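Visitor: Numbering (my numbering), first residue to last: 3 to 379.
C-beta atoms are modelled at their ideal positions from N, C-alpha and C, and glycine is treated no differently.
As the structure is a prediction and not an experimental result, all values here were calculated from the model.
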Ligand SMILES: *Cc1c(COP(=O)(O)O)cnc(C)c1O
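#1: Verify the contact flag: residue 1, CB atom, against every heavy atom of ligand 1, threshold strictly below 6 Å.
#2: Taking the beta strand (DSSP E) that residue 357 falls in, what are its first and last residues?
#3: What does a CB cutoff of less than 6 Å around residue 361 pick up in its chain, not counting 5 residues either side in sequence?
#4: Between which two residues does the beta strand (DSSP E) containing residue 106 stretch?
#5: When you compare the region 193-201 with the region 170-179, are there three or more beta-carbon pairs, one atom per stretch, that lie closer than 8 Å?
#6: So is the beta-carbon of residue 23 under 6 Å away from any non-hydrogen atom of ligand 1?
#7: Hey, how far is the Cα of residue 237 from the Cα of residue 289?
#8: Let me check one thing: in DSSP terms, what residues is residue 234 bridge-paired to?
#9: Which runs of the alpha helix (DSSP H) spanning at least 4 residues fall entirely within the region 19-69, listed in chain order?
#10: For residue 219, list the residues DSSP reports as bridge partners.
#11: Leaving out five residues before and five after residue 230 in sequence, what residues of the same chain have Cβ atoms less than 7 Å from its Cβ?
#12: Determine which residues share a DSSP beta bridge with residue 147 and list them.
#13: Return the CA-CA distance between residue 266 and residue 65, expressed in angstroms with no decimal places.
#14: Give me the Cα-Cα distance between residue 207 and residue 349, rounded to the nearest whole angstrom.
#15: So what's residue 265 in DSSP terms, helix, strand or just coil?
#16: Does the distance from the CB of residue 153 to the CB of residue 312 come in under 7 Å?
#17: Going by beta carbon distance, what residues of the same chain come within less than 6 Å of residue 41, once the five residues before and after it are set aside?
#18: By Cβ distance below 6 Å, which residues in the same chain neighbour residue 44 in space, the five residues on each side in sequence not counted?
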């Protein structure tokens, strides 16, 4: 057995880091205090009230009135898997938009659940073309689903979910959307845009803490799950079972919900409701414009064309004279700032700078600019 004599028994203290990577972001006011509240049982009447309020607020941030709106206890990746494991039956044909790391992760999910996959691809850094999607839909009238990532965090590209879901709905497809980096940051209107299944996370645009994934299913998507020929292979993620925990008159036990994380999410959602979504979207654009102007002045150029950029996730080409890993370590050690490295093909070439949640303000940008200006050349 390992000798524990030298280990500390002091209280846990964590340094406050300005989180400007691809997520997590810093929390909205009230979130960390909410976590320090007493534990409630997962069937306690007060806890059920918290769940009901979370549901109402999630319907607001997702812009949906669907009753099949829940939090799955796990990260955004669990929300992604929840959508695929419930909806896809072996042999189902799905048109998958893929232009980065997370589109590819959706693909990995669909493969595991036995889908027949038609890929519509675009190069890293480019948006999915609606015309390419229209062509794929025309060539595959037997397709049942379409999937797309709204904010491709690996590249900083915004896909036009509204236009592409409109095409999919005309063809009667069930749409699956990744909103992990877009919810609470850029416009997203689930019902109006014809989105049937969508998932996000708690730690990026929503400004809570990691570990929860808000999901919502339309009536059509829920009916598809109920009419499966084979049971959902995951019991824990089966939304027809999960639904009762969120909606039944008398709530049955499903799993022990991580109460404190729910408190954190509730605090963040109340904050968002207080600010108003439209105001958040406008502020996000304004802070991005300030950031862009300042970075361009410093010879940091964008990887993505202006019209396809995400204001909340900026992929910036590392200029000559700055070393990728050393530069990021310098920011972390000397300025307590985290920025993200490039992923996949873009590793070493760019930094991913997230301005999300509580960090959507010029003060956060100024702290970063000051730190970048101090990097030794
Ligand atoms: C972060 C992210 C995920 C995964 O979320 P986790 O909470 O890390 O599991 C999925 N999709 C996109 C687009 C993301 O940015």
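Guide: With the given structure in hand:
#1: What is shown of the chain runs 3 to 379, which leaves residue 1 out entirely.
#2: Taking the chain shown and counting its residues from 1, the one referred to as residue 357 is at position 355. Element bounds for residue 357: n/a, residue is neither H nor E.
#3: For this step, residue 361 is matched to residue 359 along the chain shown. If we look at residue 361 and ignore the five residues flanking it on each side, its Cβ neighbours are 27, 28.
#4: One-based indexing of the chain shown puts residue 106 at position 104. Unbroken run through residue 106 is the alpha helix (DSSP H), 103-114; no beta strand (DSSP E).
#5: yes
#6: Within the chain shown, numbered from 1, the residue matching residue 23 stands at position 21. Every heavy atom of ligand 1 is 6 Å or more from the Cβ of residue 23, so no.
#7: The residue you call residue 237 lines up with position 235 of the chain shown. The residue you call residue 289 lines up with position 287 of the chain shown. Cα to Cα, residue 237 sits roughly 43 Å from residue 289.
#8: To locate residue 234, count along the chain shown from 1; it is residue 232. Partner(s): none; residue 234 has no beta bridge.
#9: 33-37, 47-64
#10: As a working note, residue 219 is residue 217 in the chain shown. 199.
#11: Taking the first residue of the chain shown as 1, we reach residue 230 at position 228. Cβ neighbours of residue 230 beyond the five flanking positions: 91.
#12: For this step, residue 147 is matched to residue 145 along the chain shown. Bridge partners of residue 147: 96, 176.
#13: Counting from one through the chain shown, the residue named residue 266 turns up at place 264. Counting from one through the chain shown, the residue named residue 65 turns up at place 63. Cα to Cα, the separation comes out at about 21 Å.
#14: One-based indexing of the chain shown puts residue 207 at position 205. One-based indexing of the chain shown puts residue 349 at position 347. Each residue's alpha carbon lies about 24 Å from the other.
#15: Sequence index remark: in the chain shown, residue 265 carries index 263 (1-based). Residue 265 falls in the helix class under three-state DSSP.
#16: Mapped onto the chain shown, residue 153 falls at position 151. Mapped onto the chain shown, residue 312 falls at position 310. Yes; because the gap between Cβ atoms is below 7 Å, this pair is in contact.
#17: As a position in the chain shown, residue 41 is number 39, starting the count at 1. Contacts found: 261.
#18: One-based indexing of the chain shown puts residue 44 at position 42. Hits under 6 Å: 258, 259.
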